[in-house]
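Protein chains in written order, with my numbering: chain A, 1 to 280; chain B, 1001 to 1393.
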């Protein structure tokens, strides 16, 4: 708790954009490398950074890249407002500011030797992608990997090529679902919880990592409990407004927690009394 | 993390800490030399002054600037200055401002950036070194509030360098209260009116007999300043007069918050009819959070020049009572006034204990006085505890 952290956690550092790729009509993945003079810090899957566009503003964005790929930071950003739009419209070679990484990561150490169940909704797959990379990079350290992914429509599905390639990996199952299928969709239609009946894993030896809209996580946690997972083996990543990311600004208060410091990844047990509360 | 006991210990320490040798007496006529000594030591002295019908904290050059002979009358939604029938310098209780204005400034530039060679560089990121300040007239509740902000901004995982620099250089001259406002409830919060630790000098203004101050140094640098003043030995009578005054300030407090089971009370009453009752009165104006000496929330504002080559980040006080405070994509989390007041009071009185090991309330009563509709936090807690189904108290 009392780790001394440098004062400059509040000061951004320039990083250069090395790649911008389009994931969907409104979502893009940025790859960044530190500009000369910036210090690069390794991250834990699940952590986030504060990304700053010169003269526009700053946003908390989860790291979506491969933890084994050093020297690069990867972020998947959905353009929903002025600042996110400014982020995704940067060109290769431009500089943006990066602070972080901040917050807690997914419990990958604890998950070793266990089956891993990843449940994602929409852009919630982005902070979970590092988990998938980690499990697949160190395949024999983990049991089965089951990915349940729900999106609004087929055109909202992120990482479609990767989803297909993950599905071909050993001991890996990828299940996707959409709320509205449209004419050409041949996959599953329905909320993500409706995929549980197809998952093949041993609930008693599984660790679940969940990220998506709060309403989805409320139902997913119920479903996971029904499925037989222990509350202490379910982890959620939460979102609130963040300005400072270091516990000074108060914006990310969630019950007795600051999401930037004690989260964004929490054990379900910590959140259970809070998740069902409206306007908390 | 600091245990709750630190604040609790402060409450009882007055009588046990009192010893004659530690104290001296400073004639009221010598108060000016305290101010000039501090100035000579390199401090800019900040203290109480009358401005716009209120006692505020501002630069003090001499005793002429102090609110001599003024008292403050406080009640829910009411604050008036009135003349005293004596010439006390510290005959008021607390005004709208607190020392957080100086330690955790309302607006501060965090950094600047300039475009350079297709990238950018960060300019003079170090906070401008400010002249060290001496705070004259810090009340026990305010000292407790400073300790609470220390825990948030210095003693948790990260340290705020802006607060740290200001806090480390500040010289604190506490003045014990010998009277309470109707809005005070420091006794029930265990934060006052006696001052124990944390001050460089502790004064108690005495009027009976001659106008003078009982003074005690709390730190080495306090002793050093004290040694430069003309003082006389304190007598048992001085000590008793001071003690009686402080006890009177405790005994005359009419408000309180029962700390018993306060966390459970708030956590278990997330749904309670009182919140609707409150929301019908609360204007979400954020006054309570602005005057609160412990509220620390801030926002950042990113600005750039018209050329777009220079950008700055400013940090400003923010309030959980605004709609934008909880905004995330898709809308604000706390849309209703009810949810915002509930957030504020639940954080202040309950979650703060989980996060920082003490209550976030010091019982200064500012939020009661400066609420334009006179919402009284002590009354709201009582109504949550005892209130009827319709949220009446």
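Just so it is clear, CB atoms sit at the ideal spot from N, CA and C, and this is done for glycine as well.
Kindly say whether residue i, judged by its beta-carbon, lies nearer than 9 Å to any beta-carbon of chain B.
| i | result |
| --- | --- |
| residue 14 (chain A) | yes |
| residue 251 (chain A) | yes |
| residue 151 (chain A) | no |
| residue 191 (chain A) | no |
| residue 134 (chain A) | no |
| residue 22 (chain A) | no |
| residue 264 (chain A) | no |
| residue 19 (chain A) | no |
| residue 241 (chain A) | yes |
| residue 130 (chain A) | no |
| residue 277 (chain A) | yes |
| residue 40 (chain A) | no |
| residue 121 (chain A) | no |
| residue 71 (chain A) | no |
| residue 244 (chain A) | yes |
| residue 202 (chain A) | no |
| residue 271 (chain A) | no |
According to DSSP, is residue i part of a helix, a strand, or is it coil?
| i | result |
| --- | --- |
| residue 1036 (chain B) | helix |
| residue 1098 (chain B) | coil |
| residue 149 (chain A) | strand |
| residue 4 (chain A) | Because residue 4 (chain A) sits at a pLDDT of 36, beneath the cut-off of 50, its placement in the model cannot be relied upon, and the following sentence gives the value as read from the coordinates. Here residue 4 (chain A) sits in coil by DSSP. |
| residue 130 (chain A) | helix |
| residue 1142 (chain B) | helix |
| residue 141 (chain A) | helix |
| residue 168 (chain A) | coil |
| residue 29 (chain A) | strand |
| residue 1352 (chain B) | helix |
| residue 1339 (chain B) | helix |
| residue 274 (chain A) | helix |
| residue 1083 (chain B) | strand |
| residue 196 (chain A) | helix |
| residue 1227 (chain B) | helix |
| residue 1021 (chain B) | helix |
| residue 36 (chain A) | coil |
| residue 1258 (chain B) | coil |
| residue 1109 (chain B) | strand |
| residue 1381 (chain B) | helix |
Against chain E, does residue i count as a neighbour if the rule is that its beta carbon must be under 9 Å from one of theirs?
| i | result |
| --- | --- |
| residue 1152 (chain B) | The question asks about chain E, but that chain is absent: this structure's protein chains are A and B. |
When DSSP builds the beta bridges, which residues end up paired with residue i?
| i | result |
| --- | --- |
| residue 106 (chain A) | Paired residues: none, contrary to the question. |
| residue 1213 (chain B) | B:1026, B:1205 |
| residue 1302 (chain B) | B:1313 |
| residue 14 (chain A) | A:97 |
| residue 52 (chain A) | A:58, A:97 |
| residue 211 (chain A) | A:120 |
| residue 22 (chain A) | A:28 |
| residue 188 (chain A) | A:177 |
| residue 1120 (chain B) | B:1115 |
| residue 1049 (chain B) | B:1056 |
Would residue i count as contacting chain A if we go by Cβ distances under 9 Å?
| i | result |
| --- | --- |
| residue 1035 (chain B) | no |
| residue 1370 (chain B) | no |
| residue 1343 (chain B) | yes |
| residue 1257 (chain B) | no |
| residue 1101 (chain B) | no |
| residue 1321 (chain B) | no |
| residue 1300 (chain B) | yes |
| residue 1335 (chain B) | yes |
Return yes when the C-beta of residue i is under 8 Å from any heavy atom of the ligand ATP, and no when it is not.
| i | result |
| --- | --- |
| residue 229 (chain A) | The ligand ATP is not among the ligands present in this structure, which contains no ligands whatsoever. |
Cβ contact (3+ pairs, closer than 8 Å) linking the region 1313–1333 of chain B and the region 1150–1159 of chain B = no
Entirely within the region 234–263 of chain A and at least 4 residues each: give me those alpha helix (DSSP H) ranges in chain order.
-> 259–262
Examine the Cβ distances between the region 216–225 of chain A and the region 268–276 of chain A and report whether three or more of them are shorter than 8 Å.
-> yes
Hey, is the region 129–143 of chain A in contact with the region 77–90 of chain A, meaning 3+ C-beta pairs nearer than 8 Å?
-> In the pairwise beta carbon analysis, the region 129–143 of chain A is classified as not touching the region 77–90 of chain A: fewer than three pairs are separated by under 8 Å.
If you pair each beta-carbon of the region 1161–1175 of chain B with each one of the region 1098–1111 of chain B, do three or more pairs fall below 8 Å?
-> yes
Decide yes or no for the touch test of the region 1232–1241 of chain B against the region 1183–1192 of chain B: beta carbon pairs closer than 8 Å, at least 3 of them.
-> Contact between the region 1232–1241 of chain B and the region 1183–1192 of chain B is absent: fewer than 3 CB-CB pairs across the two stretches fall below 8 Å.
Three or more C-beta pairs closer than 8 Å, one from the region 1327–1336 of chain B and one from the region 1346–1363 of chain B: is that the case here?
-> no
Cβ contact (3+ pairs, closer than 8 Å) linking the region 151–159 of chain A and the region 17–37 of chain A = yes
Taking 8 Å as the threshold, find out whether the region 1194–1209 of chain B comes into contact with the region 1242–1254 of chain B through three or more Cβ pairs.
-> yes
So, do the region 1172–1180 of chain B and the region 1368–1384 of chain B have three or more beta carbon pairs nearer to each other than 8 Å?
-> Inter-segment contact for the region 1172–1180 of chain B and the region 1368–1384 of chain B is absent: fewer than three beta-carbon pairs are separated by less than 8 Å.
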